[in-house]
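Quick note, the sequences are listed as chains G and F, same order. Adding 1 to a residue's 1-based position in the first sequence gives its number in the numbering used here. Adding 1 to a residue's 1-based position in the second sequence gives its number in the numbering used here. We put the beta carbon where it would ideally sit given N, CA and C, even for glycine. Note that the coordinates shown come from a computational prediction; the quantities given were computed from them, not determined experimentally. What follows is a set of notes on a single structure, which appears directly below.
Protein chains: 2
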Amino acid sequence: MADQSGLRERKKAATKAALSHATMRLAIEKGGIDAVTAEDIAAEAGVSARTFHNYFPNKEAALLHDFNEITAQTIVAIRERAREQPLWEALRDACIDMRIDERFDFATLQCKDDLVHSSPSLISHQATQFLEFFNEALDIVTEATGRDEHDMYPRLVLGAALIALKVAHEHWLAHPDEAPLDEVIADAFEQFESGVTRPTTTSNN
Amino acid sequence: MADQSGLRERKKAATKAALSHATMRLAIEKGGIDAVTAEDIAAEAGVSARTFHNYFPNKEAALLHDFNEITAQTIVAIRERAREQPLWEALRDACIDMRIDERFDFATLQCKDDLVHSSPSLISHQATQFLEFFNEALDIVTEATGRDEHDMYPRLVLGAALIALKVAHEHWLAHPDEAPLDEVIADAFEQFESGVTRPTTTSNN
DNA sequence: AGAAAACTTGCACTTTCTGCAAAATTTCCT
DNA sequence: AGGAAATTTTGCAGAAAGTGCAAGTTTTCT
Chain G
2 MADQSGLRER KKAATKAALS HATMRLAIEK GGIDAVTAED IAAEAGVSAR TFHNYFPNKE
62 AALLHDFNEI TAQTIVAIRE RAREQPLWEA LRDACIDMRI DERFDFATLQ CKDDLVHSSP
122 SLISHQATQF LEFFNEALDI VTEATGRDEH DMYPRLVLGA ALIALKVAHE HWLAHPDEAP
182 LDEVIADAFE QFESGVTRPT TTSNN
Chain F
2 MADQSGLRER KKAATKAALS HATMRLAIEK GGIDAVTAED IAAEAGVSAR TFHNYFPNKE
62 AALLHDFNEI TAQTIVAIRE RAREQPLWEA LRDACIDMRI DERFDFATLQ CKDDLVHSSP
122 SLISHQATQF LEFFNEALDI VTEATGRDEH DMYPRLVLGA ALIALKVAHE HWLAHPDEAP
182 LDEVIADAFE QFESGVTRPT TTSNN
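This is the structure:
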């Protein structure tokens, strides 16, 4: 349904990837996405500015495209796992299975993170993507818990899981040599299990 | 420091409020903030378009201005409470003390929430403000827990607290007759205390 | 091959947002 | 009160985003 392998589909995917990569390249080169125009990106990818806007609504979306891809896959993973595992474990394992560390070059990840943290427009866009992630996952979680719309529980668990994911991810990017990403994620989830709300002893764990 | 009561200061505050209110009025009238231009807002408030941009970077900021004010106050409240209370309680009580229900007309709140949920630009902007709130509070929480930058714990607790706040707020807006806002917030925080990660019995609580 | 469907492109247009410099207003000091 | 100094308002110019439309290309399907 999504990717029939006709010439047309392949070309579109290639163009989209080219635009996304061009955005990244230029943003790094010019030291920030704000110094890059949609026209620059289109030129770098060899298409017209109008075509760029056919693929992405704006440059932020182009830069964060792959992150978006991964969350889409994660939604599917959560749905499948939630059928066979307790919810919390399903969420945790789906997050671990994102395997950001294996799919991307570490330097590139760090680079992209720097770009995001230094541009309000990117921060804003990333926050929005996270919200979309939340909303898409919410239906699954609500169903899995057997609660209704009337109940806060689904949103609270899901929120906790996504916070754990985000914090783990950031921590790993800042301290990559400390532990592998999957362990960091597991650790973050574990802290919620043992009760985040109680002040813990300051054993660095 | 912030508000000396010279004529100039008072006028500026008045203009800012007028612009914010004008934005709200027009957004409701035209059924969405996207149908309102910065020029419309300036005209409604009786200033030039250029002046509007001296006060706010964009219309989204103008519409969400009061929410921003409140989070600024809440940061202060958290800082003070964190000196005298256990962290989790400090966060909870500071959130309860925001008293959104008393400060605003309920219909207006619901209206504004509808506006936000139906406009990508507003969703994006609100998400960004939430992130700023997070970052400002993070320093306080980190200090209060006696943990260092190296540790995920501060971000996890704070994340949990802000999720609780946001979820409670949304729930109350959707079901206002069920319980007063402060109780809903307390309830959300309580669910984190009793362990969100374990599936609970479906007693609607 | 040739019609139909889908994609690309250029163009026109509205809107946002910023810098700059001139005018207007408020404040401050004597 | 009066005038210099500081601050604010405003208009104008300009870069860039983003969208609709229609014409031109390319791919698909039979």
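Item                                                                                                                                                 : Value
Taking the alpha carbon of E61(G) as the point to measure from, which residue in R93(G), D98(G), L20(G) and C96(G) has its own alpha carbon closest? : L20(G)
Hey, could you find the ends of the alpha helix (DSSP H) K167(G) is sitting in?                                                                      : Y154 to A175
Can the beta-carbon of V158(G) be found closer than 8 Å to that of V142(G)?                                                                          : yes
Within the chosen definition, does the region 9-27 of chain F reach the region 85-105 of chain F through at least 3 CB pairs nearer than 8 Å?        : no
Would you kindly work out how many angstroms separate the C-alpha atoms of F136(F) and P181(F), rounded to a whole number?                           : With the sequence shown as reference, residue 136(F) is identified as Asn, and Phe is not the correct amino acid for it. Approximately 29 Å, taken between the alpha carbons.
Output, in chain order, the set of chain G residues within a Cβ distance shorter than 7 Å of G160(F).                                                : I164 and V168
Answer yes or no: does any C-beta atom of chain F fall closer than 8 Å to that of S119(G)?                                                           : no
Is the separation between the beta-carbon of A63(G) and that of I79(G) shorter than 8 Å?                                                             : no
Under DSSP, the alpha helix (DSSP H) around D183(F) begins and ends at which residues?                                                               : L182 to E194
Kindly indicate which residue of H126(G), C112(G) and D98(G) has the alpha-carbon position closest to the one of N59(G).                             : H126(G)
Skipping 5 residues on each side, what residues in its chain have a beta carbon closer than 8 Å to that of D98(F)?                                   : T75 and A78
Just how far apart, CA to CA, sit A165(G) and D183(F)?                                                                                               : 26 Å
Are A46(G) and A23(G) touching if we call contact CB-CB under 8 Å?                                                                                   : yes
Could you spell out the range, first to last residue, of the alpha helix (DSSP H) harbouring F57(G)?                                                 : Run containing F57(G): none; DSSP gives neither H nor E here.
Is DSSP giving Q74(G) helix, strand or coil here?                                                                                                    : helix
Check for me: the alpha helix (DSSP H) holding E179(G) runs from which residue to which?                                                             : Run containing E179(G): none; DSSP gives neither H nor E here.
Taking the straight line between their C-alpha atoms, what separation do you get for P121(G) and A161(G)?                                            : 25 Å
For D119(G), which three-state DSSP category applies?                                                                                                : The residue asked about is misnamed: residue 119(G) is Ser in this sequence, not Asp. In this structure, S119(G) counts as coil in the three-state DSSP scheme.
Taking the alpha helix (DSSP H) that D98(F) belongs to, which residues open and close that run?                                                      : Taken as a continuous stretch (DSSP letters only), D98(F) belongs to no alpha helix (DSSP H), as it is neither H nor E.
Report the residues of the region 119-135 of chain F with a CB closer than 8 Å to any CB of chain G, ordered along the chain.                        : P121, I124, S125, H126, A128, T129, F131 and L132
Using alpha carbons as the reference points, say which of T146(G), H151(G), D115(G) and D188(G) lies closest to R84(G).                              : T146(G)
Would you please verify whether the beta carbon of M153(F) is less than 8 Å from any beta carbon of chain G?                                         : yes
Please determine, among P177(G), P87(G) and D140(G), the residue with the shortest C-alpha to C-alpha distance to V197(F).                           : P87(G)
In whole angstroms, what separates the C-alpha of E171(F) from that of L123(F)?                                                                      : 16 Å
Shortest alpha-carbon distance to A175(G) belongs to which of F53(F), E179(F) and H151(F)?                                                           : H151(F)
How close, in whole Å, do the beta carbons of L116(G) and G33(G) come, if the pair is a contact with beta carbons under 8 Å?                         : 7 Å
With burial defined as no fewer than 16 other Cβ atoms inside 10 Å of the residue's Cβ, what is the status of K31(F): buried or exposed?             : exposed
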